[in-house]
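This report refers to the structure that appears directly beneath it.
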Amino acid sequence: MVALRSRRLEGIFGARLDAVSHTQVAALVTNAVTESYDLDFKEEVYGRSDKSKRDLAGDVAALANTSGGVLVLGVAEDNQARAMAAPEVVLDNAEQDRIRQIVSELVHPTPVIDVIQVESPKRPGHGFLLIAVPRSPMAPHAVKVDIGLRYPRRYGTTTTYLSEAQVASAYRDRFAGFQDRFADLARLEAQLIDRLDVSDRPDLRHSDARTRPGWRLRPQQQHLDDPRVRTDSGGGTMRS
């Protein structure tokens with residue numbers, strides 16, 4: 326299963342990204358689909374020069390830092406960023422591995438990506454290569470350039486770079502997101518354990534989970550008439 330889910334992109338392709346057919350990708354040209362913040366066309370696979378590798382890393386990081394999206398290799402664009410031809414690319418597992426390795430080496434932290442082969446039914450070994458990048462909770466992702474780091478993002482159909490202030494704000498958002506997820510998990514854990522019937526399990530009545538720092542159980546209405554339940558001074562509920 327592909328990590329990226331996008332109603333917009335699935336509407337454009339006509340299917341989930343892991344189920345897209347050759348005909349559906351080729352239809353990008355027929356329909357003159359335009360590049361956007363989440364869709365980028367590449368006529369060829371990325372080259373082997375250092376610049377080409379940085380281009381790949383920058384394109385992936387920019388999508389991860391913005392809203393996610395897809396790089397479509399094997400589709401050429403015109404001067405108005407519309408799909409105009411489908412020359413396709415050679416498909417092989419070695420190229421997929423090379424893409425993953427470049428991203429792993431040059432993008433920090435490494436984002437989640439899926440590399441999908443869409444083979445031509447008429448030309449075995451040729452077709453389209455889709456690089457699907459979901460929006461990342463680990464943003465901002467930096468690209469290593471020489472001894473420094475740059476933080477790309479998508480701006481319409483182009484790639485720009487975050488300013489120092491924008492980088493700082495992105496890091497604050499990342500850490501705030503972590504705190505929110507930890508709080509959500511703690512609330513979910515509390516709700517689940519509060520609903521466990523431990524009346525016949527004395528070994529669980531005083532579980533360590535109930536006495537962890539920060540542990541709170543909110544009294545539930547369905548417990549009010551339960552003689553086995555009392556409310557502790559901290560606002561939680563405990564079974565007798």
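Residues in the sequence shown are numbered from 326 upward in steps of one, following my numbering.
All C-beta atoms, glycine included, are put in the ideal place defined by N, C-alpha and C.
Computed from a prediction, not measured in an experiment: that's the story for all the values here.
- Check the Cα spacing between residue 437 and each of 458, 465, 517: the tightest is with 458.
- A straight-line Cα-Cα distance of about 43 Å links residue 370 and residue 508.
- By the Cβ-count criterion, residue 416 is buried, with 16 or more other Cβ atoms from all chains shown falling within 10 Å of its own Cβ.
- Bridge partners of residue 480 according to DSSP: 483.
- For the pair of segments examined, the segment 467-476 was found not to touch the segment 332-349: the number of CB pairs separated by less than 8 Å stays below three.
- For residue 442, there is no enclosing alpha helix (DSSP H); the enclosing beta strand (DSSP E) covers residues 439-444.
- Judged by DSSP secondary structure, residue 419 falls outside any beta strand (DSSP E) and instead within the alpha helix (DSSP H) spanning 418-431.
- Just so you know, the alpha carbons of residue 480 and residue 519 end up roughly 47 Å apart.
- With a threshold of 16 other beta carbon atoms within 10 Å, residue 496 falls short and is exposed.
- Of the candidates 405, 429, 351, 351 places its Cα closest to the Cα of residue 411.
- Residue 387 and residue 465 have their C-alpha atoms roughly 9 Å apart.
- Using a Cβ distance threshold of 7 Å, residue 451 and residue 413 count as a contacting pair.
- When only Cα atoms are considered, residue 365 and residue 505 end up about 32 Å apart.
- For residue 493, the enclosing alpha helix (DSSP H) begins and ends at 489-519.
- Residue 343 sits in a helix when the DSSP states are folded into three classes.
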